[in-house]
Amino acid sequence: MNTKRLFLGLDLPSDIKLAITSVIKKLGLAFVGVAWVPENNLHVTLVFLGQVAEKTISLLKTKLATVKPDFPPFMMSTHVIKAFPNWEKCQVIIIELANNPFFNKLVEQYQQTLKQIPEIKMAIRRNITPHITIGRVKKELLVIEKNQPSEMPKLKWEINSVTLYESRLQNNQPPKYLPLENYHISE
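Pasting the structure below:
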């Protein structure tokens with residue numbers, strides 16, 4: 003059976019991606035052993051769907067198009083640079099975003115719709131901390147600069163659509179994220 007690795011996410015405006023890439027470059031001087039996320043892959047994940055059969059994707063797109071959030075486009079903003087689960091056992095470096103109740107409502111509405119498709123197997127997650135993954139630790143995080151640049155400039159942007167992405171894994175390279183469909187948040 004042919005499948006595609008899919009997720010729902012929020013794309014970032016190009017100026018926000020550029021500003022985050024600048025932060026990543028500074029962090030790259032402070033840390034070794036991190037695979038930094040390329041600019042074109044920066045996004046906020048709403049729901050990870052995993053492997054979805056190609057024959058299910060048409061139904062998936064149709065169902066996702068029925069989601070009509072009962073709130074207008076909303077603002078998201080950067081908050082702080084963090085390590086997951088923490089700096090001592092760091093596996094992932096993220097930019098945590100300021101919490102916005104509309105973000106969790108959006109996740110909830112899409113999860114409820116996805117539950118209606120039996121072929122989609124996913125865990126329902128509640129109260130997700132919105133974040134942008136900017137780096138994955140390969141083996142062990144090596145700090146080469148004591149004063150790590152953990153300052154995050156305050157960036158703000160409007161969320162007005164959700165994107166269905168395919169994640170294509172590539173040998174020894176970052177995955178390639180291909181937008182398959184875009185769903186606008188009503189105004």
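All letters in the sequence shown, in the order written, are residues 3 to 189 by the working numbering. Ideal placement from N, C-alpha and C gives every residue a C-beta, glycine not left out.
Evaluate Gly11 with the Cβ neighbour count: other Cβ atoms within 10 Å of its Cβ, from every protein chain shown; 16 or more gives buried, anything less gives exposed. Counting from one through the sequence shown, the residue named residue 11 turns up at place 9. With 16 or more other Cβ atoms within 10 Å, it is buried.
Taking only three categories from DSSP, how would you classify Asn184? Residue numbering aside, residue 184 sits at position 182 when the sequence shown is read from its first letter. DSSP places Asn184 in strand when its eight states are reduced to three.
Lys229 to Lys141 span [Cα, whole Å]: Look at the range of the chain in this structure, 3 to 189, and you will see that residue 229 is not part of it.
6 Å CB neighbourhood of Asn184 in its chain, flanking five on each side removed: Walking along the sequence shown from the start, residue 184 turns up at place 182. Ser163, Thr165, listed in sequence order.
Where do the N-terminal and C-terminal ends of the beta strand (DSSP E) with Phe50 fall, by residue? Along the sequence shown, one-based indexing puts residue 50 at 48. Where Phe50 is concerned, the enclosing beta strand (DSSP E) stretches over 45-55.
Rounded straight-line distance, which links the Cα of Lys84 to that of Thr131: To locate residue 131, count along the sequence shown from 1; it is residue 129. To locate residue 84, count along the sequence shown from 1; it is residue 82. Take the alpha-carbon of Thr131 and the one of Lys84: they are about 12 Å apart.
Per DSSP, which one or two residues make a beta bridge with His133? Stepping through the sequence shown from its first residue, residue 133 is reached at position 131. Glu98.
Could you tell me the alpha carbon to alpha carbon distance between Asn174 and Trp38, rounded to whole angstroms? Taking the first residue of the sequence shown as position 1, residue 174 is located at position 172. Taking the first residue of the sequence shown as position 1, residue 38 is located at position 36. So the two alpha carbons sit approximately 13 Å from each other.
Helix, strand or coil at Phe73 [DSSP, three-state]: Counting from one through the sequence shown, the residue named residue 73 turns up at place 71. The answer is coil: DSSP assigns Phe73 none of H, G, I, E or B.
Touch test, the region 56-66 against the region 79-94, Cβ-Cβ under 8 Å, three pairs minimum: Under the Cβ criterion (8 Å, minimum of three pairs), the region 56-66 does not count as touching the region 79-94.
Mind checking which residues open and close the alpha helix (DSSP H) that includes Glu110? Along the sequence shown, read from residue 1 onward, the residue named residue 110 stands at position 108. It spans 103-116 - the alpha helix (DSSP H) in which Glu110 sits, taken as one unbroken run.
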